[in-house]
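A.B. asks: Before anything else, here's the structure in question.
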Amino acid sequence: MLLDTDLSAKNLFRAVNQYALTVPNYYIGVVPLEPYQFARLDRMVRKQLYEKGAHKHCANISRLYLPRKELGRGLHNLEFRAEMMLLNLWLTLSADENKSTRRAAILQHHRQTYSHASLITTYLHDKYGLTIRDNEAIPKTIQHLRKLQNRSLYNVISTTKLHKLLFSRRELDSVDLEESTLWLRKSMLTPQEEAKLINLQDRNLQWMSSKKNHKKCGKYLDVEHLASKCDRLLHTDYVRRHNEVARRIHRTLAKELGVKNIKKVERYKIDDRKFTKNGWISYDMSIHTEKKVQFNRPEIIVADTQEPHHHS
-4 MLLDTDLSAK NLFRAVNQYA LTVPNYYIGV VPLEPYQFAR LDRMVRKQLY EKGAHKHCAN
56 ISRLYLPRKE LGRGLHNLEF RAEMMLLNLW LTLSADENKS TRRAAILQHH RQTYSHASLI
116 TTYLHDKYGL TIRDNEAIPK TIQHLRKLQN RSLYNVISTT KLHKLLFSRR ELDSVDLEES
176 TLWLRKSMLT PQEEAKLINL QDRNLQWMSS KKNHKKCGKY LDVEHLASKC DRLLHTDYVR
236 RHNEVARRIH RTLAKELGVK NIKKVERYKI DDRKFTKNGW ISYDMSIHTE KKVQFNRPEI
296 IVADTQEPHH HS
């Protein structure tokens, strides 16, 4: 069984797509299956992943079916695939209905039995708003349907309180989506490790604690609260985290500026100001300016004599 192998998460999902989820392809359009039956198959696949630890109970289900380059995990959705295959089949047969008596007979049979295939265009229009254009090539229509399916996944994510936080930041100019998905596209994590990291990004902490409320303040426990919203951690954990980050950034900048005898990170101490032949670097000091500046105390200032401007 694929889930019992030592494949990495990326390769496991690729193998499941290629060897397990392709079997229903032989029956789509031949055996009269309804949408709820494909949805049931998807739930069975998720159940198998959950039992093996490759998917968490409260994780973002929609994220399973998004491409890895879009923060997803790349699992094929059988319901989506059936929709694309049935639409492709129906449009192909309809295009030759007036030329082929055999294809006309197949279409007539589906219409008389009110099969799901005969109603696929109406079904997709009601579900996604898909409009079939007469002169549009079939591959382009299928591609358009795929985009609408992905959009429906994003719409579901946008309705959830916690899951939408990650995806709402995708369009920010400061976010590099390609770099942010590098660990999903290139890493060799086990399915269980990837599932835990995904669950953490989804703001779920159930696997870390049996209690729903934070023991420090008594408020509901989630990643967002723990990371930046707990007032009990403001002057302890948050300050310590801030100082650790500042220390590492200061050390890196000092090294680039030419400061000598820099100690290892764990032993490095920040001075108010360090001087070198290339300039100086200061920490947590206000600066004098010609005009009044509201926030006039930047964390770190680097004055590089090789550069015409100061950086803070």
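For the sequence shown, the numbering used here begins at -4 and goes up steadily by one.
Glycine included, every Cβ here is placed at the ideal spot set by N, Cα and C.
1) Assuming LEU140 and ILE115 make a contact with CB atoms under 8 Å, what is their CB distance in whole Å?
2) Check the DSSP bridge columns for ASN208 and list the partner residues they point to.
3) Any chance you could list the beta strand (DSSP E) runs of at least 3 consecutive residues sitting entirely within the region 237 to 305, in chain order?
4) Given this structure, state the Cα-to-Cα distance separating ASP373 from GLN144, to the nearest angstrom.
5) ILE23 bridges to which residues according to DSSP?
6) Which residue's Cα is closest to the Cα of ARG268: VAL297, HIS220, VAL25 and GLU74?
7) Can you tell me whether THR116 is helix, strand or coil according to DSSP?
8) How would you write the range of the alpha helix (DSSP H) that PRO134 sits in, first residue to last?
9) Which same chain residues end up closer than 7 Å to SER3 when comparing Cβ atoms and leaving out the 5 residues on each side of it in sequence?
10) Alpha carbons only, please: which of ARG38, THR96 and ALA99 is nearest the one belonging to ASN72?
11) Taking contact to mean at least 3 C-beta pairs separated by less than 8 Å, is the region 151 to 162 in contact with the region 58 to 73?
12) Rounding to the nearest angstrom, what Cα-Cα distance links LEU157 and VAL40 in this structure?
13) Would DSSP call ARG165 helix, strand or coil?
14) With respect to the alpha helix (DSSP H) encompassing LEU195, which residues constitute its N-terminal and C-terminal limits?
15) Entirely within the region 19 to 102 and at least 4 residues each: give me those alpha helix (DSSP H) ranges in chain order.
16) Go to ASN6, then tell me how far its alpha helix (DSSP H) extends in each direction, as first and last residue.
17) Sorted by chain position, which residues of the same chain lie with C-beta nearer than 8 Å to ILE193's C-beta, five sequence neighbours on each side aside?
18) Measure the alpha-carbon distance for TYR263 versus THR247 and round it to whole angstroms.
19) Classify GLU189: buried if its beta carbon has 16 or more other beta carbons within 10 angstroms, exposed otherwise.
C.D. replies: The relevant details are as follows:
1) Rounded, the Cβ-Cβ distance is 10 Å, inconsistent with contact.
2) ASN208 is bridged to TYR215.
3) Within the region 237 to 305, the complete beta strand (DSSP E) runs of at least 3 residues are 268 to 271, 274 to 278 and 295 to 299.
4) The structure shown does not extend to residue 373, since the chain is modelled only from -4 to 307, so the question has no answer here.
5) Under DSSP, ILE23 forms a beta bridge with VAL26.
6) For ARG268, the nearest C-alpha among the options comes from VAL297.
7) It is helical.
8) Its alpha helix (DSSP H) spans residues 133 to 153.
9) Cβ within range, chain order: MET183, LEU184 and THR185.
10) When each option's Cα is compared against that of ASN72, the closest is ARG38.
11) With the cut-off at 8 Å, the region 151 to 162 and the region 58 to 73 touch.
12) A direct Cα-Cα distance of roughly 24 Å separates LEU157 from VAL40.
13) Taken through DSSP and simplified to helix, strand or coil, ARG165 comes out as coil.
14) According to the DSSP assignment, LEU195 belongs to the alpha helix (DSSP H) that extends over 186 to 196.
15) Listed in chain order, the complete alpha helix (DSSP H) runs (minimum 4 residues) inside the region 19 to 102 are 30 to 46, 56 to 59 and 73 to 90.
16) Its alpha helix (DSSP H) spans residues 4 to 10.
17) The beta carbon of ILE193 is closer than 8 Å to those of LYS51, ALA54, ASN55, ARG58 and ARG68 in its chain, skipping five residues each way along the sequence.
18) Near 11 Å, if we compare the C-alpha coordinates of THR247 and TYR263.
19) Of the residues assessed, GLU189 falls on the buried side of the cut-off, its CB having 16 or more other CB atoms within 10 angstroms.
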